[in-house]
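Chemist:
Quick look at the structure:
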């Protein structure tokens with residue numbers, strides 16, 4: 006690197022880039038004096054003369070660091086070169102330039118799309134929002150904001166912006182319709198999603214993502230035949246499409262067709278981590294344990310090498326220590342509680358892959374229950390609380406002791422209920438809405454203030470089975486815990502300690518239910534849960550078949566709905582027998598929990 | 023310590039090092055003492071007194087097995103040192119090895135027949151073994167050697183009371199105020215202790231001495247005192263105020279000495295049984311406490327929501343105040359109540375308070391458990407909750423007295439050598455008819471006790 010160049014990699018001098026004093030920059034009027042030169046750079050870029058365009062842009066920006074068009078050219082070049090740090094710095098600078106509303110909307114909108122393309126949806130939010138504020142009548146801005154909200158879990162806000170985009174366009178748009186359909190699929194509003202996909206695909210038959218989305222909707226609805234046929238047809242048209250192929254493989258695995266899945270995946274050498282993980286699952290179904298673990302290990306190694314991601318618990322540790330210090334019995338006792346709400350949430354706790362989705366599916370078949378899945382979690386209220394009360398979370402909850410803030414629990418409870426009403430979960434016949442947000446484990450203290458006597462059902466599963474089941478899933482966990490078995494074990498211990506703390510400090514209406522009992526005798530386990538909740542109803546006929554029709558909205562995990570089976574319980578035992586070293590590293594972490602959870606008494 | 027001096031190594035004479043080690047231990051600087059003991063043992067692993075002191079440090083640091091190993095070795099190396107069996111006698115007692123403790127205690131008294139402390143230690147062992155006549159006899163030997171030995175007097179009292187010899191016991195019961203832990207329990211005053219004679223109204227101060235349980239237990243004698251000295255002033259801690267205010271005949275209740283001014287005589291609450299001439303046959307009845315109706319109603323509604331229906335409600339307390347001198351004997355772990363938790367027809371409502379409440383966080387038994395402790399403000403809440411349970415299962419702690427005084431069906435689990443008030447061998451108690459007593463049949467073994475409790479639910 007030349008002396009004085011900016012560490013961001015823009016190849017501008019630092020004094021003209023990240024270390025520049027922006028207060029000293031020329032005015033936009035002065036910067037406009039170089040518009041002709043900047044237009045020349047743009048022209049060179051458009052003619053793909055990138056070297057010349059870059060040289061000219063660097064020269065212009067060395068003189069006038071805030072020259073808009075030159076910044077744009079250099080941003081595009083660095084983006085194309087995958088110099089992310091430099092592109093980030095230039096893009097942020099562009100988005101922050103003063104100018105007309107249209108210019109600000111364009112700069113912010115483009116930078117938001119740049120971030121969305123990289124999957125950095127949370128970072129994209131302020132830029133997408135700025136674009137909409139600058140140009141509220143521009144459909145594109147609402148479309149991007151819809152994507153951002155949808156992919157960060159704020160599905161209702163996402164839906165609103167997609168619909169605004171459609172209204173502003175005043176015409177059908179295949180892309181926006183497809184994205185709205187995906188949003189509705191996430192909300193479990195499957196019939197609406199299916200109808201929208203039909204309209205979207207009629208306009209854009211080449212929309213492979215839309216085709217995949219529709220297949221997933223059909224799968225969740227239980228129409229596996231139609232989903233299979235759709236994917237088969239799509240793969241005939243686009244045989245090289247990896248996303249569609251992987252969806253078909255997942256369908257194979259859900260239908261216990263591991264041989265077909267392996268054949269479809271092809272040779273492992275060319276496979277990406279999600280495909281290798283699917284390969285691992287296929288081998289698991291075949292009982293080929295060595296091959297399964299080998300495929301999984303390869304996938305995780307590639308992921309670590311490509312992303313550098315390892316288990317990073319620091320943020321989780323910090324927050325859990327803060328929560329433990331705050332949420333003590335003595336501190337919470339004087340805080341006000343929310344009054345009774347419009348329905349009773351039933352919180353289903355559980356480490357990922359513990360079986361809370363199975364329990365939610367089974368409860369959803371009981372009259373009076375609706376499956377709320379992970380939508381609009383309490384975690385979002387923890388983020389909203391500082392805005393409502395002032396100060397940092399959780400200490401800001403102390404404000405509830407003072408004056409009108411005593412009503413904050415009611416307001417937060419209302420914020421919890423509103424999205425459920427919007428999603429159609431709150432209906433006259435619904436008394437209980439299950440909430441299986443994985444983040445609830447961290448927020449039992451806040452839950453205690455909002456729903457002091459709501460049932461909390463904790464699905465337990467043998468810790469070895471949990472880490473084994475998670476390591477094969479293509480799902481990102483907090484702190485990148487999925488990166489390997491040790492990370493999963495530490496993540497498990499961290500969550501278990503948090504639950505132990507809350508249960509020791511709070512009066513919770515808490516019932517542990519073992520996955521192993523649930524699959525061995527689902528009727529008895531669910532009857533026990535219902536008795537605990539205080540519900541006396543007859544179970545549907547053929548209850549363990551898990552096939553009773555359930556009203557929408559339906560969570561995505563209904564795609565994997567099948568008759569209750571016990572083949573995944575105690576799975577770690579044959580693995581430990583076949584691969585004696587598999588759990589060696591995690592045993593010191595997990596064995597104390599095996600004992601505390603009572604699994605040792607069960608001969609495990 | 024001897025040996026070749028190394029650069030940078032400070033060499034200390036043995037006597038000086040031993041003195042330093044003893045002082046560190048006595049000053050409760052256990053980490054430093056441990057470090058010094060380890061270094062001294064490394065240099066002189068066979069020195070009996072180093073081993074002895076190192077054993078004491080181990081014991082006080084909670085490493086009982088190591089302590090016993092070091093002290094046994096010490097005793098074997100110096101079998102005529104009377105101090106060693108006297109010390110290890112206490113360590114064996116703490117470890118629940120009462121046969122070994124007895125042998126060591128007897129050996130200590132043989133080696134040092136004029137040592138009152140050795141006799142006292144042996145009396146303790148006899149009490150733990152429920153050899154109460156021996157406990158009284160050996161305590162008397164200690165008292166003969168040192169007539170002002172308050173602990174020995176009190177040990178004798180406890181043995182007499184536990185034997186049911188209440189009148190004899192009460193006479194020496196006043197020695198409790200000479201115990202170190204009783205400092206500050208009584209006011210600094212020139213006024214006399216009440217002798218049971220009639221007094222003007224409002225001129226008697228009754229002091230809620232001892233623990234919460236004792237105060238609740240002896241509160242039944244206040245109406246008797248009020249007949250002789252009407253409208254007495256009762257001084258007690260704030261926690262007891264809402265309970266004692268239910269006792270008839272009291273003039274006023276105070277929680278600060280300053281508010282008690284104007285009395286002409288005082289009496290500790292635990293002194294009333296002596297003045298009243300209490301025996302096993304004439305104990306005033308229980309039922310003198312009752313919960314507030316509004317709290318009973320509130321908790322009733324709350325429990326309807328929190329506890330699953332159709333199950334027996336069993337309230338549970340498994341641990342007492344850790345600083346209680348007998349806490350190790352009386353407190354259990356929540357997990358030790360496992361036989362209760364396997365029952366399908368039970369919901370466990372824990373009314374445990376204090377730090378041990380955290381154990382509820384690690385409960386994964388079959389029976390649902392509702393940890394009520396975090397929402398219990400005081401004894402009035404506890405009493406209101408107990409009105410809604412089928413039974414309380416508890417260790418020997420204040421909640422047992424609250425339950426007994428309000429006639430709640432209760433199973434109380436007791437150590438082999440229990441506190442004197444529970445007397446011997448019987449399954450009931452004249453103090454509280456609603457209590458059923460479950461005694462250890464073997465010292466420090468709880469499993470069969472809890473199984474009996476669970477079977478009888």
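Residue numbers (this note's numbering), protein chains in the order written: chain V, 6 to 609; chain D, 23 to 479.
For every residue, glycine included, the Cβ atom is placed at its ideal position computed from N, Cα and C.
1) Let me know the secondary structure DSSP gives residue 240 of chain D once reduced to three states.
2) Check whether the stretch 195-205 of chain D and the stretch 164-176 of chain D are in contact - that is, three or more C-beta pairs closer than 8 Å.
3) Looking only at C-alpha atoms, which of V:177, V:199 and V:176 sits nearest to residue 186 of chain V?
4) Where do the ends of the beta strand (DSSP E) carrying residue 143 of chain D lie?
5) Between the C-alpha atoms of residue 312 of chain D and residue 447 of chain V, what's the straight-line distance to the nearest angstrom?
6) For residue 331 of chain V, does the three-state DSSP call read helix, strand or coil?
7) Is the shortest distance between the beta-carbon of residue 407 of chain D and the beta-carbons of chain V less than 7 Å?
8) Along chain D, which residues have their Cβ under 7 Å away from the Cβ of residue 355 of chain V?
9) Bridge partners for residue 440 of chain V per DSSP, in chain order?
10) In three-state terms, what does DSSP make of residue 245 of chain D?
11) Please confirm whether residue 46 of chain D and residue 55 of chain D have their CB atoms less than 7 Å apart.
12) Looking only at C-alpha atoms, which of D:365, D:454, D:345 and D:75 sits nearest to residue 37 of chain D?
13) Could you confirm whether any beta carbon from chain V is found closer than 7 Å to the beta carbon of residue 379 of chain D?
14) Is the beta carbon of residue 613 of chain V less than 7 Å from the beta carbon of residue 484 of chain V?
15) Does any residue of chain D bring its CB to less than 7 Å from the CB of residue 312 of chain V?
16) Counting only Cβ pairs nearer than 7 Å, list the residues of chain V close to residue 373 of chain D.
17) Would you check if the stretch 312-330 of chain D and the stretch 274-288 of chain D touch, i.e. whether three or more CB-CB distances between them fall below 8 Å?
18) What residues in its chain sit with their C-beta under 7 Å from that of residue 250 of chain V, if we drop five residues either side in the sequence?
19) For residue 286 of chain D, would you say it is in contact with chain C, using Cβ-to-Cβ distances shorter than 7 Å as the test?
20) Does residue 594 of chain V get closer than 7 Å to chain D when you measure Cβ to Cβ?
21) If we count the other Cβ atoms within 10 Å of its Cβ and call it buried at 16 or more, is residue 51 of chain V buried or exposed?
22) Closer than 7 Å, CB to CB, is residue 509 of chain V near chain D or not?
23) Quick check on residue 167 of chain V: does DSSP put it in helix, strand or coil?
24) When the cut-off is 7 Å and only beta carbons count, does residue 537 of chain V lie next to chain D?
25) Cβ of residue 425 of chain D within 7 Å of Cβ of residue 419 of chain D?
26) Would you kindly work out how many angstroms separate the C-alpha atoms of residue 601 of chain V and residue 502 of chain V, rounded to a whole number?
27) If we cut at 7 Å on Cβ distances, does residue 344 of chain D have a partner in chain V?
28) Assign residue 542 of chain V to one of three DSSP states: helix, strand, or coil.
29) What is the DSSP secondary structure of residue 421 of chain D, reduced to helix, strand or coil?
30) Determine contact between the stretch 406-422 of chain D and the stretch 331-343 of chain D, defined as no fewer than three beta-carbon pairs at a distance below 8 Å.
31) Grouping DSSP H, G and I as helix and E and B as strand, with all else coil, what is residue 410 of chain V?
32) With a cut-off of 7 Å, does the C-beta of residue 517 of chain V fall near any C-beta of chain D?
33) Please check if any C-beta of chain V sits within less than 7 Å of the C-beta of residue 23 of chain D.
34) Which one or two residues does DSSP pair with residue 290 of chain D in a beta bridge?
35) At the 7 Å Cβ level, is residue 397 of chain D part of the contact set with chain V, yes or no?
36) In chain order, what residues of the same chain have a beta carbon less than 8 Å from the beta carbon of residue 26 of chain D, not counting five sequence neighbours either side?
Modeler: In this structure, then:
1) helix
2) yes
3) V:199
4) Unbroken run through residue 143 of chain D is the alpha helix (DSSP H), 138-150; no beta strand (DSSP E).
5) 40 Å
6) helix
7) Not one chain V Cβ lies under 7 Å of residue 407 of chain D.
8) Result: empty, since nearest Cβ-Cβ is about 13 Å, beyond 7 Å.
9) V:352
10) helix
11) yes
12) D:75
13) The beta carbon of residue 379 of chain D falls within 7 Å of a beta carbon belonging to chain V, placing the residue at that interface.
14) Outside the modelled stretch of chain V, which goes from 6 to 609, sits residue 613 of chain V, for which no answer is possible.
15) Chain D contact via Cβ: absent.
16) Per Cβ cutoff of 7 Å: no residues; residue 373 of chain D is ~11 Å from chain V at best.
17) The answer is no - the stretch 312-330 of chain D does not touch the stretch 274-288 of chain D, with fewer than three Cβ pairs under 8 Å.
18) 240 and 269
19) Looking at the structure shown, chain C is missing, and the protein chains on hand are V and D.
20) no
21) Of the other Cβ atoms in all chains shown, fewer than 16 fall within 10 Å of the Cβ of residue 51 of chain V; this residue is therefore exposed.
22) yes
23) helix
24) yes
25) Contact: no.
26) 11 Å
27) no
28) coil
29) In the structure shown, residue 421 of chain D sits in a helix (DSSP, three-state: H, G or I).
30) Yes, the stretch 406-422 of chain D touches the stretch 331-343 of chain D.
31) helix
32) yes
33) A caution first: residue 23 of chain D carries a pLDDT of 39, below 50, which makes its placement in the model unreliable, though a value can still be read off. Not closer than 7 Å to any Cβ of chain V, the Cβ of residue 23 of chain D fails to qualify, so no.
34) D:229
35) yes
36) In this prediction, residue 26 of chain D scores a pLDDT of 44, lower than 50, which makes its location untrustworthy; the coordinate-derived value is nonetheless stated afterwards. Excluding positions up to five away in sequence, the list is empty.
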